[in-house]
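Counted the way this note's numbering counts, the sequence shown spans residues 1 to 546.
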Amino acid sequence: MREFVVEADGGSRGNPGPAGYGAVVSDAATGETLAEAAEFIGVATNNVAEYRGLLAGLRAARELDPEARVYVRMDSKLVVEQMSGRWKIKHPAMKPLAAEAATVFPPGQVTYEWIPRERNTHADRLANEAMDAGSRGEPWSPTTSRAALDTPRATPAAPLPEGPPGDATAGAARVRAAMAPRPGTAAPGGTGPAGTARGRGAEDASGEDASGEGPLAERGADTHGGRAAGPSGDGTSGDGTSGAAPTGRASGRRPAEHAAAEDDRAAGASGEGPAVGTGDGAGAGASAVSRPATDTPARDAGTDADGPGGALAADADRRAAQAVTTPSSGWAPADMGAPATFVLLRHGETPLTPQKRFSGSRGSDPSLSGIGREQAERTAAALARRGTVQAVVASPLARTRETAGIVAARLGLDVTVEDGLRETDFGAWEGLTFGEVRERYPEDLDAWLASPDAEPTGGGESFAATAARVAQARDKLLAEYRGRTVLLVTHVTPVKTLIRLALGAPPEALFRMELSAASLSAVAYYADGNASVRLFNDTSHLRPSY
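As structure tokens, this is what we get:
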């Protein structure tokens, strides 16, 4: 199956005002530009223009191959969240555009990702060219467009390393690429690299975005999934959650310079813990289109349902490893400034934890037990003493939201929900112990343990899919919280996946990790693409002090 990347943008000089859009379709593997589209659409708002750009990009991709897998990347969080189904659409001008966009390709064939504006330069230039042409009373013409010339061709940020890739290996390759000279740079256009004159300061905060389009109610069910202790069939409980999209940035953040202090403290924190762990405007008009000629928990006793044995599929693992929040072109020298630091908190115990049952995103969504709430309180007190967390993000399931709420209340912060931090969906295994799964679905269990591409019985989620999803959520959060320290309240599979990718370790390394309930881990991410694991499975804050 072919894979395309669609980058789209739209702008309005007045909001509403003279508006236009731009879209570009490129080959996901090579970065080659396959098609461009742009059009002046008259008077419209920013958001309507962005939706028109999305429609044009999707249509151009469909003309190339209606069976292709499409990855849409836009710098409009509103459009991305609404098309992903996480935010409601209330504005009458955008509803029909969103509905039409959803029908260009079959459901599940298109995914959406938010990217920083500086990474959407090509589509931005096309939108500006369309608006410039409209101001002259002319249609946009691909023959006079300079957008492709002024934007470096999208290429992989670094050569793919051999063997199982991960953040560490990809980051090192990016550093080498940063030191090598790059042929050609983006020529300064009349509007600059990302110079759409569109009153952008109000986007996603006011105007169209304040009209009621916001995050849907939190949804999804957590699955406190039991995971295999080993071939013998002994099971250990694992938990999974399903989360919703971010609802916005948390208030009451402390200064970003505290991030470095937390990194130092986290590096020296104890990793001791229990020997046994527990286990989400106008209708589309005709546009000119041109085509250039040319994840996973460990299996040792005491951890939640992590992942099966074997290596992740090369394509899924490579995509997860490559997806880091660094520009795909125009590299600057390696950045070793203040990193974005993710403090990873596994939620507290639930009634299912001691029973070692699979509890993923399709299960009964249990709340914390009394022990779990006490663990959350102890964690909150420890993090308050450190004083470095500036935002709290959680998976949407009950146990993670409850844990996050206890911690956030102590820190004076709000909780943002992120769907990508949910645990794996364990399908028909939800609520069962490992031994019960072995008895009822022996063949499915063997396949699941042998390959990360295998799905649990009943259409659950493979660990390869979980890894790709977690990596995408990581990148979105890194883009939003650059240089800050963020507490991610999630589950075993996401935590171990983030650790593995940061280390550049092979997939089987997941089976060498143990993660306890309410444990803390930490990873620092630098702008040059490198990551540094600062802490893993710290439970020192859970021990009573006398």
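C-beta atoms are modelled at their ideal positions from N, C-alpha and C, and glycine is treated no differently.
None of these values were measured; they are calculated from a predicted model.
- Of all C-beta pairs linking the region 60-69 to the region 32-46, three or more are shorter than 8 Å, placing the two stretches in contact.
- With a 10 Å radius around the Cβ and a threshold of 16 neighbouring Cβ atoms, Glu480 comes out buried.
- Distance between Thr416 and Ala394, taken at the CA atoms: about 6 Å.
- For Ala123, same chain residues with a beta-carbon under 7 Å away, outside a window of 5 residues either side, are Glu7, Ala8, Asp9, Gly22, Ala23, Val24 and Gly53 in chain order.
- A contact is defined here as three or more CB-CB pairs under 8 Å, and the region 408-423 fails this definition with respect to the region 344-354.
- In the DSSP assignment, Asp27 falls within the unbroken beta strand (DSSP E) covering Gly17 to Asp27.
- For Val110, the uninterrupted beta strand (DSSP E) run begins and ends at Val110 to Trp114, by DSSP.
- Distance from the CA atom of Arg482 to the CA atom of Val392, rounded to whole angstroms, is 14 Å.
- With respect to Glu514, Asn537 sits close: the two C-beta atoms are nearer than 8 Å.
- Sequence-distant partners of Ala384 (beyond 5 residues in either direction) whose C-beta falls short of 8 Å from its own C-beta, in its chain, are Arg410 and Leu411.
- Cβ atoms of Ala68 and Met1 come within 8 Å of each other, at about 7 Å.
- The Cβ atoms of Ala524 and Ser516 lie no closer than 8 Å to each other.
- Here DSSP, grouped into helix, strand and coil, assigns Phe426 to coil.
- The three-state secondary structure of Asp538, taken from DSSP, is strand.
- The count of Cβ pairs closer than 8 Å, one atom from the region 108-116 and one from the region 68-77, reaches three, so the stretches are in contact.
- Ala99 counts as exposed, since fewer than 16 other beta carbons sit within 10 angstroms of its beta carbon.
- The distance from the Cβ of Pro16 to that of Asp75 is about 19 Å, inconsistent with a contact at the 8 Å cut-off.
- Separation of Phe511 and Thr30 (C-alpha to C-alpha, rounded to the nearest whole angstrom) is 34 Å.
- With 16 or more other Cβ atoms inside 10 Å of its own Cβ, Arg125 counts as buried.
- The DSSP-derived three-state label of Ala338 is coil.
- The shortest CA-to-CA distance from Glu39 to any of Ser451, Ser84, Glu138 and Ala93 is the one to Glu138.
- Across the set Ala148, Tyr51, Gly435 and Ser462, the C-alpha of Ser462 shows the shortest separation from the C-alpha of Ala447.
- The alpha-carbon of Trp87 is positioned some 9 Å away from that of Val80.
- Between Ala398 and Pro366, the C-beta gap is smaller than 8 Å, which places the two residues in contact.
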